[in-house]
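Visitor: Okay, here's the structure, questions in a sec.
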Amino acid sequence: MIKPFFTTSHGVLYNADCLEVLGQMKSGVVDTVFADPPFNIGKDYKNGYNDKVEHAEYLVWCRQWILECCRVLKLGGSFFLYATPELAVQFAPIMGEMLDFRHWIALSMKGTYPRGKKLYPAHYTLLYYTRGTPHVFNKLRLPIETCRHCGGEIRDYGGHRNKMNPEGVNLSDFWSDTSPNRHKKFKVRPGVNELKLVIPERAILISTGLGGIVFDPFGGGGSTYQAAEKHHRNWIGTELYDSEHIRNRIEENYPFSISKKPRFNVEELFVNENNQNEVLRRVKGKSVPFGVGTYIS
Ligand SMILES: C[S@@+](CC[C@H](N)C(=O)[O-])C[C@H]1O[C@@H](n2cnc3c(N)ncnc32)[C@H](O)[C@@H]1O
């Protein structure tokens, strides 16, 4: 088993290739996957990652990690995949091979401009799929919108304001109250395309209960892991390149959690090298789709 880069009371981060770690995980062990992959657009992550390869090569790689993430999901588990709409339409059929579609969540994006003969891009996509009927689905509510200057309510809800739930409005599949990226002055490391905490936070709250296990293959600035710590969910993460800033972020926000032994049994989620009778034989570096492969006798 790969040695963790660091652990907390709730989580474990591997400074490794996600495919390598996924390849050692058992099937059906995590409750939620949240993935925000590199988009192959030539972004400089300032960590040596090459974010511009042939599109076909990129898609082959995406297919591998997407199917591996589907495989490690429990029955009833959820998979949230953040992407541009153009990539999302290519990822969706791959997810659909093993999972059921729930939502195309649109996250409004401001401050962009139309390129070439195209419409003004105004949203990112968060694909939400589940492995069968979700075993957890928590309905989230947002506070009733108020004006940030006068504090008054902005909408009249078609004259039905008095019938509204005092806890707020149901979260819809259109998230217009947050921009996707953290402002650069709040980023934990230059170059990382760090999501606002609220995005993985909502995904985690919708799809897990206390103690649920969240897996994020692309650590980046560590937003998912912070969101999991905040809500007492367990987490497993991988980041191929530098990870020190993720450790620092968790240490800064959860000093009592850092370097502790995780409260959940991490080893139980991984293939036991001495007891492989229920483990699919794997070719190093290649993923094996769920239900396919040779059992070791
Ligand atoms: C878009 S960022 C993720 C940002 C993260 N969601 C956040 O909000 O902080 C993608 C990250 O994936 C990492 N990465 C790229 N290839 C990887 C691989 N094969 N395994 C693990 N991490 C990888 C990159 O180094 C980069 O930090």
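Following the numbering used here, the numbering of the sequence shown begins with 74 at its first residue and continues without gaps.
Cβ coordinates follow ideal geometry from the N, Cα and C atoms, glycine included.
Here the structure is a predicted model, which means the values were calculated and not measured.
1. I'd like the list of long-range same chain contacts for LYS183, defined as Cβ closer than 7 Å, with 5 residues on each side in sequence excluded.
2. Identify, in the order they occur along the chain, each residue of the same chain with its Cβ nearer than 6 Å to the Cβ of ALA276, setting aside the five sequence neighbours on each side.
3. Say the cut is 7 Å; is the CB of THR311 nearer than that to a heavy atom of ligand 1?
4. If you pair each beta-carbon of the region 165 to 179 with each one of the region 203 to 216, do three or more pairs fall below 8 Å?
5. Does the beta carbon of PHE79 fall short of 7 Å from some heavy atom of ligand 1?
6. In angstroms with no decimal places, state the Cα-to-Cα distance between GLY292 and LYS269.
7. Looking at ligand 1, does it come within less than 7 Å of PHE247, judged from the CB to the closest heavy atom?
8. Do ASN452 and ligand 1 come close, with the Cβ less than 7 Å from some heavy atom?
9. Rounding to the nearest angstrom, what Cα-Cα distance links LEU160 and ILE309 in this structure?
10. Does the region 319 to 330 come close enough to the region 140 to 152 to have 3 or more Cβ pairs within less than 8 Å?
11. Take THR297 and list the residues in its own chain whose beta-carbon comes closer than 6 Å to its own, dropping the five residues that flank it on each side.
12. For LYS333, tell me which candidate among ARG320, GLU341 and GLU240 has the shortest Cα-Cα distance.
Guide: The structure says:
1. Excluding its 5 nearest sequence neighbours in each direction, LYS183 has C-beta neighbours in its own chain below 7 Å: SER252, listed in chain order.
2. So the list reads PHE107 and PHE153, once near-sequence residues are dropped.
3. Correct: THR311 has its Cβ closer than 7 Å to ligand 1.
4. With a cut-off of 8 Å, the region 203 to 216 and the region 165 to 179 count as touching, because enough Cβ pairs lie within range.
5. It does not: the Cβ of PHE79 is nowhere closer than 7 Å to a heavy atom of ligand 1.
6. In this model, GLY292 and LYS269 are separated by some 13 Å (Cα to Cα).
7. Using a cutoff of 7 Å, the CB of PHE247 does not count as near ligand 1, since none of the ligand's heavy atoms is closer than that.
8. The shown model of the chain, from 74 to 370, leaves out residue 452, and the question about it has no answer.
9. Each residue's alpha carbon lies about 25 Å from the other.
10. No contact exists between the region 319 to 330 and the region 140 to 152.
11. Hits under 6 Å: PHE107, PRO273 and ASP289.
12. The residue with the shortest Cα to Cα distance from LYS333 is ARG320.
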